[in-house]
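Residue numbers for the sequence shown follow this note's numbering, so the first one is 1144 and each next one is one higher.
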Amino acid sequence: MPLPVAAGIGLRAPHVAQVRAERPPVGWLEVHSENYFVDGGPALAALDALRATYAISLHGVGLALGSADPLDGAHLARLRRLADRIEPASVSEHLCWGHVDGRHLNDLLPLPFTDEALKLVCRRVDAVQTALGRELLVENISAYLRFACDAMTEWEFVAAVAAHTGCKLLFDVNNVYVNAVNHGFDPRAYFAAIPGQRVAEIHLAGFDDSGGCLLDTHGARVAPPVWALYREAIERFGPKPTLVEWDTDIPALEVLLDEANQAQRIMEACDAVAA
Ligand SMILES: [Fe+2]
């Protein structure tokens, strides 16, 4: 079953007990896969319990899809085991790198937009989809530098990965906005390059703009210009499963649900106009 076309929330540890107890009417839940790479314990037990009520998305941060090191077979095996157990509605990862010389870096690091990097990423997306026996959603990241060797735009690279591998896209509207401001491009050029039928999920989050460069902190409400872009994305692509991420300075659950409700209202308003 795919994700419901509704707004969901990223489930983080401070909210698990409350979500379990109250089962708020939110469309679905997304969790970070690596937090559940365990054989038992309370976190996995909670996820087992919640999957009876909610569709679950497994969102990975550690696969290093764009690294030149060999794919981490143990990581893939743990992800496969978790997916077989939870039967998620989707499995996603980031278009980034994070392994080098056998070491893992806890960051989502940017790729050069070159043919070589494109071929490498596509090979690895194919390999992951084969290993999991599932379709993968890949997410565009926020990045704070660009490479002099870039041979294409970010949006050309992202669209090419989807075209060459058959994977779906997790389109992060906040990341598009952050990169558009920091690197000086028109987000609408990005939108125009993305095939809407390949967008299987949208992410929204808050950024920090305290220092002349927008930082994708996932630590605030979604900013007004990102809501405006989200509305444009829904008008262009149609309503999509939409996830509000909040990972630092995590607020009360009610605040997160309020953000998800805002996304839900925007989707419903666009649906009403289309009808
Ligand atoms: Fe995201």
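Note that the Cβ used here is the ideal one computed from N, Cα and C, for glycine as well.
(request) Measure the beta-carbon distance from V1321 to N1283 and round it to whole angstroms, keeping in mind my assumption that it falls under 8 Å. (result) About 10 Å separates the two Cβ atoms, so there is no contact after all.
(message) Let me confirm a value: S1353 is counted as buried when at least 16 other C-beta atoms fall within 10 Å, else exposed. Which label applies?
(response) By the neighbour-count rule (16 or more Cβ atoms within 10 Å), S1353 is not buried but exposed.
(request) May I ask which residues mark the beginning and end of the alpha helix (DSSP H) holding I1229? (result) Looking at the DSSP string, the run of the alpha helix (DSSP H) that includes I1229 is 1216-1229.
(request) Just the C-alpha distance for N1325 and V1342, rounded to the nearest angstrom, thanks. (result) One C-alpha to the other measures close to 24 Å.
(request) Compute the Euclidean distance between the alpha carbons of T1273 and V1162, then round it to the nearest angstrom. (result) Their backbone Cα atoms lie some 34 Å apart in a straight line.
(request) Please name the residue in L1396, E1388, R1166 whose C-alpha comes closest to that of F1314. (result) Closest in alpha carbon position to F1314, among L1396, E1388, R1166, is E1388.
(message) If you follow the alpha helix (DSSP H) that V1324 is in, where does it begin and where does it stop?
(response) Counting along the chain, the alpha helix (DSSP H) containing V1324 begins and ends at 1316-1326.
(message) Distance check for L1193 and P1167, CA to CA, integer angstroms please.
(response) In this structure, the straight-line span from the alpha carbon of P1167 to that of L1193 is close to 11 Å.
(request) Look at L1121 and G1209 and say whether their C-beta atoms are less than 8 Å apart. (result) With the chain running from 1144 to 1418 in the structure shown, residue 1121 is simply not present.
(request) Compare the C-alpha of G1349 against each of T1385, D1390, F1334 and name the closest. (result) It is D1390.
(request) Give a single yes or no on whether H1175 has its beta carbon closer than 7 Å to a heavy atom of ligand 1. (result) Set against 7 Å, the gap from the CB of H1175 to the closest heavy atom of ligand 1 is not smaller.
(message) Quick check on Y1287: buried or exposed, where buried means 16 or more other Cβ atoms within 10 Å of its Cβ?
(response) It counts as exposed.
(request) Note the first and the last residue of the continuous alpha helix (DSSP H) segment covering D1329. (result) No alpha helix (DSSP H) holds D1329; DSSP gives it neither H nor E.
(request) Give the DSSP bridge partners of E1451, in chain order. (result) Outside the displayed range of the chain (1144 to 1418) lies residue 1451, so it cannot be described from this structure.
(message) By DSSP's criteria, V1174 is part of a beta bridge. Which residues make up the other side?
(response) For V1174, which the question treats as bridged, DSSP gives the partners L1201.
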